[in-house]
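Going by full-length UniProt numbering, the sequence shown opens with residue 1, and the numbers climb by one from there.
Using N, Cα and C, we set each Cβ at its ideal position, and we do this for glycine too.
All values reported here derive from a predicted model rather than from experimental measurement.
Below you'll find the structure, written out as structure tokens, and then a few comments.
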Amino acid sequence: ADLGKTAIDILSRGFGFGLVKLDVKTKSCSGVELSTTSPSNTDTGEVIGTLESKYKWCECEYGLTFIEKWNIDNTLGTETAIEDQTCQCLRLTFDMTFAPNTCGNFACDVDFHFAGPTIHASIMGQTLENQFIRKYVKVLTPVILAWTSGANSTCFGIAAKISWDLPASVAAKVNNSSLIGVGYAQTLRPGVKLTLSALAEL
């Protein structure tokens with residue numbers, strides 16, 4: 001699911017520990033965005049591939065966005081988003097996933113986007129999650145808190161991403177398992193990006 005995608009992207013993108021990853025993105029003449037991701041674990045050799053299509057219905061008065069996903073473990077996902085309709089800065093997201101082995105899941109997500117912080121809340125299954133993002137001039141700082149009722153476990157993570165005018169950025173993150181990660185990303189040319197990252201356990 002793409003609930004809290006902004007926070008999740010900052011905490012995951014740019015940190016490729018033990019992975020070899022290939023991302024390919026393109027856009028068709030009709031406005032459909034296509035992307036595929038194929039990370040490979042260097043320790044286990046496991047490959048996880050996903051294919052995503054995104055279409056924004058600009059002609060619709062409701063500001064609809066449709067996203068469809070498929071991955072190699074045969075899980076299908078569909079997301080429908082409505083923006084700035086009930087009130088300004090409000091985004092409603094309906095997310096559904098289906099796997100033949102586990103049947104389907106449904107989730108509802110609400111996001112408020114203001115000039116300052118972004119507050120995100122979502123509930124899915126037995127996991128309750130809250131996310132908060134504070135955006136400065138060129139600094140993004142997401143915080144993720146998650147609690148699972150069945151396992152009675154709590155997860156916590158915080159990160160910071162700093163960008164400059166140059167096509168480069170530095171990111172760092174830490175979680176409740178005392179894992180600290182740092183990453184550096186440099187755009188070599190349009191469509192080609194080099195990422196270096198490291199992970200340490202305290």
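Where Cys155 is concerned, the enclosing beta strand (DSSP E) starts and stops at Ser153 to Ser163.
In the three-state scheme derived from DSSP, where H, G and I count as helix and E and B as strand, Leu166 is classed as coil. Residue nearest to Leu179 within the set Ala200, Gln186 and Val192 is Ala200 (criterion: CA-CA distance). Cβ atoms of Phe156 and Leu145 come within 8 Å of each other, at about 6 Å.
Going by C-alpha positions, Lys138 is about 12 Å away from Pro167. Ser12 carries a helical assignment under DSSP once its states are collapsed to helix, strand and coil. Three or more Cβ pairs closer than 8 Å define a contact, and the stretch 42-55 meets that threshold against the stretch 68-77.
Of all alpha-carbon atoms in Val24, Ile162 and Leu19, the one lying nearest the alpha-carbon of Asn41 is that of Leu19. If you draw a 10 Å sphere on the C-beta of Thr93, you find 16 or more other C-beta atoms in it, and that means buried. If you look at Gly191, you'll find it isn't in any beta strand (DSSP E); DSSP assigns it neither H nor E.
Cβ neighbours of Leu188 within its own chain (closer than 8 Å, five residues either side excluded): Leu194.
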